[in-house]
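Trainee: Here the sequence shown is numbered in the working numbering, starting from 7 and rising by one per residue. For glycine and all other residues, C-beta sits at the position ideal for the given N, C-alpha and C.
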Amino acid sequence: MGAEDAKGGSMPRPEILYPFFGDVGSLPGIGPRIKQHFSRFIGDRLLDLLFHFPTGLIDRTKRPKIAEALAGEIVTLNIVVGKHYPSRNRRAPYKVKVYDDSGQMTLVFFNGRESYLKSQLPEGEERLISGKLDKFGNDVQMTHPDYMVSPDQADDLPLLEPVYPLTAGISAKVMIKALKGAKESINPLPNWLDTGLQDKRQWPQWDEALLSVHNPQNLSDVGPLTHARQRLAYDELLANQVALSMIRRAARHKKGAVHKGNGHLSEKYSAGLPYKLTSAQLRTLSEISGDMASDNAMLRLVQGDVGSGKTVVAVMAMLQAVESGAQAAMLAPTEILASQHYDGMVKELEAIGLKVALLTGRIKGKKREQILADLAAGDLDILIGTHAVIQKDVAFQNLGLAVIDEQHRFGVHQRMALADKGRVNPDVLVMTATPIPRTLSLSYYGDMDVSRIDEKPPGRKPIDTRVISNTRLHDVMMGLERTLKKGQRVYWVCPLVEESEALDLAAAEERYVSLQKIYGDQVGLVHGKMKGAEKDAVMERFQQGELTILVATTVIEVGVNVPEATVMVVEHAERFGLAQLHQLRGRVGRGSDASSCVLIRADKLSDTARTRLKTIRETEDGFVIAEEDLKLRGAGEVLGVRQSGLPSFKTADLSVHGELLVVARDDANLIMTQDPDLMSERGKALRVLLYLFERDQAVQLMKSG
Ligand code: ADP
Ligand code: MG
Numbered sequence: 007m008g009a010e011d012a013k014g015g016s017m018p019r020p021e022i023l024y025p026f027f028g029d030v031g032s033l034p035g036i037g038p039r040i041k042q043h044f045s046r047f048i049g050d051r052l053l054d055l056l057f058h059f060p061t062g063l064i065d066r067t068k069r070p071k072i073a074e075a076l077a078g079e080i081v082t083l084n085i086v087v088g089k090h091y092p093s094r095n096r097r098a099p100y101k102v103k104v105y106d107d108s109g110q111m112t113l114v115f116f117n118g119r120e121s122y123l124k125s126q127l128p129e130g131e132e133r134l135i136s137g138k139l140d141k142f143g144n145d146v147q148m149t150h151p152d153y154m155v156s157p158d159q160a161d162d163l164p165l166l167e168p169v170y171p172l173t174a175g176i177s178a179k180v181m182i183k184a185l186k187g188a189k190e191s192i193n194p195l196p197n198w199l200d201t202g203l204q205d206k207r208q209w210p211q212w213d214e215a216l217l218s219v220h221n222p223q224n225l226s227d228v229g230p231l232t233h234a235r236q237r238l239a240y241d242e243l244l245a246n247q248v249a250l251s252m253i254r255r256a257a258r259h260k261k262g263a264v265h266k267g268n269g270h271l272s273e274k275y276s277a278g279l280p281y282k283l284t285s286a287q288l289r290t291l292s293e294i295s296g297d298m299a300s301d302n303a304m305l306r307l308v309q310g311d312v313g314s315g316k317t318v319v320a321v322m323a324m325l326q327a328v329e330s331g332a333q334a335a336m337l338a339p340t341e342i343l344a345s346q347h348y349d350g351m352v353k354e355l356e357a358i359g360l361k362v363a364l365l366t367g368r369i370k371g372k373k374r375e376q377i378l379a380d381l382a383a384g385d386l387d388i389l390i391g392t393h394a395v396i397q398k399d400v401a402f403q404n405l406g407l408a409v410i411d412e413q414h415r416f417g418v419h420q421r422m423a424l425a426d427k428g429r430v431n432p433d434v435l436v437m438t439a440t441p442i443p444r445t446l447s448l449s450y451y452g453d454m455d456v457s458r459i460d461e462k463p464p465g466r467k468p469i470d471t472r473v474i475s476n477t478r479l480h481d482v483m484m485g486l487e488r489t490l491k492k493g494q495r496v497y498w499v500c501p502l503v504e505e506s507e508a509l510d511l512a513a514a515e516e517r518y519v520s521l522q523k524i525y526g527d528q529v530g531l532v533h534g535k536m537k538g539a540e541k542d543a544v545m546e547r548f549q550q551g552e553l554t555i556l557v558a559t560t561v562i563e564v565g566v567n568v569p570e571a572t573v574m575v576v577e578h579a580e581r582f583g584l585a586q587l588h589q590l591r592g593r594v595g596r597g598s599d600a601s602s603c604v605l606i607r608a609d610k611l612s613d614t615a616r617t618r619l620k621t622i623r624e625t626e627d628g629f630v631i632a633e634e635d636l637k638l639r640g641a642g643e644v645l646g647v648r649q650s651g652l653p654s655f656k657t658a659d660l661s662v663h664g665e666l667l668v669v670a671r672d673d674a675n676l677i678m679t680q681d682p683d684l685m686s687e688r689g690k691a692l693r694v695l696l697y698l699f700e701r702d703q704a705v706q707l708m709k710s711g
């Protein structure tokens with residue numbers, strides 16, 4: 007079960023948290039319009055404000071006399087207001103002379119309104135002003151002071167002023183004022199931390215942590231690695247991990263059938279394999295086998311880079327199900343992939359006596375009826391297919407294992423729909439080629455057990471990866487001749503234009519035409535705007551060799567296998583993310599011929615783009631690339647927060663707090679074994695924590711489960 011499935015009516019929030027969930031609009035000086043800006047920017051509850059952390063600090067503690075003040079410094083001065091000199095024309099500034107017992111200086115205002123300035127700075131009165139000093143010749147000036155207050159309002163002038171990220175409609179003054187109000191809502195809360203951990207890390211209490219984050223005393227108090235910020239990050243990660251543990255525990259409680267197997271099929275099958283399984287494949291298989299043999303339903307994810315050999319692992323798992331008297335199904339996201347799986351395994355499986363069928367949207371009428379009848383009667387052992395497999399009228403006699411390939415293309419709901427087709431909860435095996443850094447997989451796949459195939463079969467030829475300047479684009483186009491002469495094929499991927507599919511398409515079409523001029527009809531084009539069947543048709547022609555150059559936007563199907571394709575050209579490679587480049591490069595190097603990847607880059611590169619291209623040139627290890635990607639982009643972006651359903655964190659940033667996630671996971675596991683119903687003192691505090699970070703669906707689950 008995915009975290010997003012664990013919905014339920016919300017329990018009332020603990021009363022002690024009410025102040026934190028108060029409305030930004032209730033703060034003095036925050037009207038409906040500013041509230042709207044807050045809503046859009048960070049949220050409209052006080053907690054959202056309190057989780058909006060400063061990124062800098064302005065120090066106004068220097069309080070010299072005018073005569074001692076240095077140009078360029080931010081200072082706070084005690085002055086007496088002198089004469090006003092309103093501007094004589096539009097361009098000239100409004101000036102006000104001010105002085106103390108050491109000397110005098112000038113305050114400068116552009117577009118200053120006389121009535122306003124006279125009321126703020128009445129002649130002869132004392133004022134506290136703060137801002138940056140300039141010197142023009144002998145004249146000391148301060149242009150638009152940040153603060154001008156009378157001595158009895160000195161409290162309104164923060165000598166240490168945190169600097170917050172801002173947005174249109176929210177000025178620094180408004181932000182600081184809002185936070186001043188929000189800080190009043192900070193209450194102590196029962197402590198959910200393990201005190202041993204807290205002492206060791208010198209983490210402050212919850213309320214102290216929040217207060218100190220917003221009251222930095224010097225620059226070293228600002229930033230994600232302070233004790234206070236680490237504690238707050240940990241709080242959120244702990245909430246995340248406890249919630250996931252609870253969900254996982256509820257899922258574990260699902261009884262499944264025991265699929266022990268007896269090895270008679272898998273032994274025959276592996277004896278026929280032309281290679282030995284890698285140790286990563288063997289390890290993964292034994293993890294799967296153990297899950298299947300237990301009476302709990304398996305929910306396991308296999309992560310393995312393109313070409314790491316996930317398919318054979320899936321087949322062995324399906325054989326274990328069949329040996330146990332059950333049926334197995336394998337779901338792929340596209341027709342092409344499903345047929346590819348079917349074609350790749352049907353002969354060997356039939357050879358050991360199994361009945362295997364393919365079911366896709368294209369299979370209709372009598373043929374489909376026959377498959378459904380065989381499936382329901384138990385005459386089919388293995389069904390391979392697309393979404394067609396999860397249609398209502400498809401019924402298994404006894405589905406024991408569902409394998410889902412390239413899981414990120416399927417939603418959790420489809421995963422559930424397939425699992426629902428079992429008489430009891432079938433075992434579920436999910437496979438993905440998207441390497442996800444270990445730190446992220448903990449928070450993302452926390453509800454699944456994870457196996458990693460982190461080793462490729464031996465003997466793979468490295469892919470020669472080059473980065474080439476776009477001034478040589480024409481040479482690259484002409485150079486394809488040699489590849490084609492050898493009977494090999496070429497992918498040509500066109501620039502990604504941000505946020506516009508139409509522009510993507512224009513670029514790809516243009517390249518298609520120019521390549522056609524050189525190479526004629528053997529050039530094909532696929533893009534995201536094409537219908538599934540249309541796309542499949544072009545891909546198939548490329549697979550068959552009728553087309554030898556395939557121009558594409560980034561739609562090249564994940565997992566498509568064309569061993570004859572040996573060259574991958576990517577235009578404007580600097581616009582692609584690391585994970586994308588890695589996926590694209592994975593399309594070649596699947597046959598026995600040496601392959602290459604040509605990354606064409608623009609003249610001007612940002613530092614990150616340069617680092618990306620360097621990384622991709624230097625390694626082919628998807629996990630290394632994923633870790634690097636995380637460093638360069640931060641967690642939300644790696645997965646695309648919205649598509650992935652990855653929880654977006656408020657106080658934690660996995661690119662700097664990754665280490666804490668591992669600690670939180672272990673902490674959560676311990677909690678779940680010692681106090682699974684959260685009844686102890688700490689357990690009760692943890693419930694508050696779950697509400698605080700809105701992971702309270704997990705609490706519902708515990709109640710009902
Ligand atoms: P993916 O993980 O991308 O789905 P596949 O399962 O399609 O990878 O495997 C890629 C290729 O590697 C296939 O041709 C498969 O037969 C081969 N292969 C799988 N395991 C091994 C192994 N242990 N040794 C050699 N080749 C292997
Ligand atoms: Mg695969």
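So with Cβ pairs under 8 Å, would you call GLY269 a contact of chain D?
Mentor: Among the chains of the structure shown, chain D does not appear; only one protein chain is present.
Trainee: On the premise that THR232 lies in contact with LEU165, defined as a C-beta separation below 8 Å, what is that separation, rounded to the nearest angstrom?
Mentor: For this step, residue 165 is matched to residue 159 along the sequence shown. For this step, residue 232 is matched to residue 226 along the sequence shown. About 20 Å separates the two Cβ atoms, so there is no contact after all.
Trainee: Any chance the segment 322-334 sits against the segment 378-390, with 3 or more Cβ pairs inside 8 Å?
Mentor: Because the criterion of three Cβ pairs below 8 Å is met, the segment 322-334 and the segment 378-390 touch.
Trainee: From GLN204 to PRO210, what does the alpha carbon distance come to, in whole angstroms?
Mentor: The residue you call residue 204 lines up with position 198 of the sequence shown. The residue you call residue 210 lines up with position 204 of the sequence shown. Their Cα atoms are separated by approximately 8 Å.
Trainee: Kindly give me the distance between the Cβ atoms of ASP455 and LEU305, rounded to whole angstroms, as I take these residues to be in contact under 8 Å.
Mentor: Here residue 455 refers to the residue found at position 449 of the sequence shown. Here residue 305 refers to the residue found at position 299 of the sequence shown. Contact flag correct, Cβ pair sits at about 7 Å.
Trainee: Is any heavy atom in ligand 1 found nearer than 7 Å to the beta carbon of LEU283?
Mentor: Stepping through the sequence shown from its first residue, residue 283 is reached at position 277. Checking every heavy atom of ligand 1 against the Cβ of LEU283, one is found closer than 7 Å.
Trainee: Are there three or more Cβ pairs, one per stretch, closer than 8 Å when the segment 219-227 is compared with the segment 72-92?
Mentor: The segment 219-227 vs the segment 72-92: no contact.
Trainee: Alpha carbon to alpha carbon, how far is GLY628 from GLY583?
Mentor: The sequence position of residue 628 within the sequence shown is 622, counting from 1. The sequence position of residue 583 within the sequence shown is 577, counting from 1. One C-alpha to the other measures close to 13 Å.
Trainee: Under DSSP, the beta strand (DSSP E) around SER136 begins and ends at which residues?
Mentor: Locating residue 136 in the sequence shown gives position 130, where the first residue counts as 1. Run containing SER136: 132-142, per the beta strand (DSSP E) assignment.
Trainee: At 4 residues or longer, and completely inside the segment 447-527: list those alpha helix (DSSP H) runs for me, N to C.
Mentor: List check, alpha helix (DSSP H) in window: 479-491, 507-525.
Trainee: Please confirm if the segment 96-108 is in contact with the segment 35-54, defined as three or more CB-CB distances below 8 Å between the two stretches.
Mentor: No contact exists between the segment 96-108 and the segment 35-54.
Trainee: Around the C-beta of GLY646, are 16 or more other C-beta atoms found within 10 angstroms, so that it is buried, or is it exposed?
Mentor: Here residue 646 is taken as the residue at index 640 of the sequence shown, counted from 1. Unreliable positioning characterises GLY646 in this predicted model, as indicated by a pLDDT of 44, which lies under 50. The coordinate reading is nonetheless provided below. It is exposed - the Cβ of GLY646 has fewer than 16 other Cβ atoms within 10 Å.
Trainee: Give every residue of the same chain whose Cβ lies closer than 8 Å to the Cβ of ARG517, excluding the five residues on either side of it in the sequence, and list them in chain order.
Mentor: Locating residue 517 in the sequence shown gives position 511, counting from the first residue. If we look at ARG517 and ignore the five residues flanking it on each side, its Cβ neighbours are TRP498, CYS500, VAL557, GLU577.
Trainee: Taking 8 Å as the cut-off, decide whether the C-beta atoms of ARG458 and GLN309 are in contact.
Mentor: Taking the first residue of the sequence shown as position 1, residue 458 is located at position 452. Taking the first residue of the sequence shown as position 1, residue 309 is located at position 303. It is a contact, given that the beta carbons lie within the stated cut-off.
Trainee: How would you write the range of the alpha helix (DSSP H) that GLU665 sits in, first residue to last?
Mentor: Within the sequence shown, residue 665 is the residue found at index 659, counting from 1. Unbroken alpha helix (DSSP H) run through GLU665: 660-680.
Trainee: Taking 7 Å as the cut-off, is the beta-carbon of VAL228 closer than that to any non-hydrogen atom of ligand 1?
Mentor: Numbered from 1 along the sequence shown, position 222 holds the residue referred to as residue 228. Result no, Cβ not under 7 Å from ligand 1.
Trainee: Which residues in the same chain have their Cβ closer than 6 Å to the Cβ of ALA658, if we skip the five residues on either side of it in sequence?
Mentor: Taking the first residue of the sequence shown as 1, we reach residue 658 at position 652. Excluding sequence neighbours, ALA658 sits near ALA239, GLU242, LEU243.
Trainee: Around the C-beta of TYR24, are 16 or more other C-beta atoms found within 10 angstroms, so that it is buried, or is it exposed?
Mentor: Counted from its first residue, the sequence shown places residue 24 at position 18. With fewer than 16 other Cβ atoms within 10 Å, it is exposed.
Trainee: Please return the same chain residues whose Cβ sits closer than 8 Å to the Cβ of LEU698, not counting the five positions on each side in sequence.
Mentor: As a working mapping, residue 698 is identified with position 692 in the sequence shown. Excluding sequence neighbours, LEU698 sits near LEU23, PHE26, LEU53, LEU195, ASP241, ALA245.
Trainee: Can you look up TYR240 in the DSSP assignment and give me helix, strand or coil?
Mentor: Taking the sequence shown and counting its residues from 1, one reaches residue 240 at position 234. DSSP places TYR240 in helix when its eight states are reduced to three.
Trainee: Is DSSP giving LEU611 helix, strand or coil here?
Mentor: To locate residue 611, count along the sequence shown from 1; it is residue 605. Note: LEU611 maps to coil in three-state DSSP.
Trainee: Does the distance from the CB of VAL86 to the CB of GLY130 come in under 8 Å?
Mentor: Taking the first residue of the sequence shown as position 1, residue 86 is located at position 80. Taking the first residue of the sequence shown as position 1, residue 130 is located at position 124. Yes.
Trainee: Going by other Cβ atoms of all chains shown within 10 Å of its Cβ, with 16 needed for buried, is LEU619 buried or exposed?
Mentor: Start at 1 with the first residue of the sequence shown, and residue 619 comes out as number 613. It is buried - the Cβ of LEU619 has at least 16 other Cβ atoms within 10 Å.
Trainee: Let me know the secondary structure DSSP gives GLU167 once reduced to three states.
Mentor: One-based indexing of the sequence shown puts residue 167 at position 161. Here GLU167 sits in strand by DSSP.
Trainee: In terms of alpha-carbon separation, which member of GLY296, ARG237, ALA543 lies closest to ASN197?
Mentor: Along the sequence shown, read from residue 1 onward, the residue named residue 197 stands at position 191. For ASN197, the nearest C-alpha among the options comes from ARG237.
Trainee: Would LYS535 be called buried (16 or more neighbouring beta carbons within 10 Å of its own) or exposed?
Mentor: Counting from one through the sequence shown, the residue named residue 535 turns up at place 529. Exposed is the call here.
Trainee: First and last residue of the alpha helix (DSSP H) that includes MET298?
Mentor: The residue you call residue 298 lines up with position 292 of the sequence shown. Note, MET298: alpha helix (DSSP H), 285-299.
Trainee: If contact is defined by three or more beta carbon pairs under 8 Å, each pair taking one atom from either stretch, is the segment 603-622 in contact with the segment 472-480?
Mentor: Short answer: they touch.
Trainee: May I ask you to report which of helix, strand or coil DSSP gives SER45?
Mentor: Counting from 1 along the sequence shown, the entry for residue 45 is found at position 39. Reduced to three states, the DSSP call for SER45 is helix.
Trainee: Measuring straight from C-alpha to C-alpha, what distance separates PHE115 and ALA615?
Mentor: As a first step, residue 115 is located in the sequence shown; it is residue number 109 there, counting from the start. As a first step, residue 615 is located in the sequence shown; it is residue number 609 there, counting from the start. Distance between the alpha carbons of PHE115 and ALA615 is about 43 Å.
Trainee: Would GLN549 pass as a contact of VAL573 if the rule is Cβ separation under 8 Å?
Mentor: To locate residue 549, count along the sequence shown from 1; it is residue 543. To locate residue 573, count along the sequence shown from 1; it is residue 567. For GLN549 and VAL573, no; Cβs fall outside 8 Å.
Trainee: Between ILE287 and ligand 1, is the CB less than 7 Å from at least one heavy atom?
Mentor: Along the sequence shown, one-based indexing puts residue 287 at 281. Position check: residue 287 holds Gln in this sequence, whereas Ile was assumed. Result yes, Cβ under 7 Å from ligand 1.
Trainee: What do you get for SER314, buried or exposed, if any count of 16 or more other CB atoms within 10 angstroms of its CB means buried?
Mentor: To locate residue 314, count along the sequence shown from 1; it is residue 308. Answer is buried; the Cβ neighbour count reaches 16.
Trainee: For ARG207, which three-state DSSP category applies?
Mentor: Here residue 207 is taken as the residue at index 201 of the sequence shown, counted from 1. Of the three classes helix, strand and coil, the one that applies to ARG207 here is helix, per DSSP.
Trainee: Which two residues bound the contiguous alpha helix (DSSP H) that contains GLN376?
Mentor: Residue numbering aside, residue 376 sits at position 370 when the sequence shown is read from its first letter. It spans 371-383 - the alpha helix (DSSP H) in which GLN376 sits, taken as one unbroken run.
Trainee: Nearest CA to the CA of ARG94: which residue from GLU74, ARG119, MET111?
Mentor: Within the sequence shown, residue 94 is the residue found at index 88, counting from 1. When only C-alpha atoms are compared, the closest one is ARG119.
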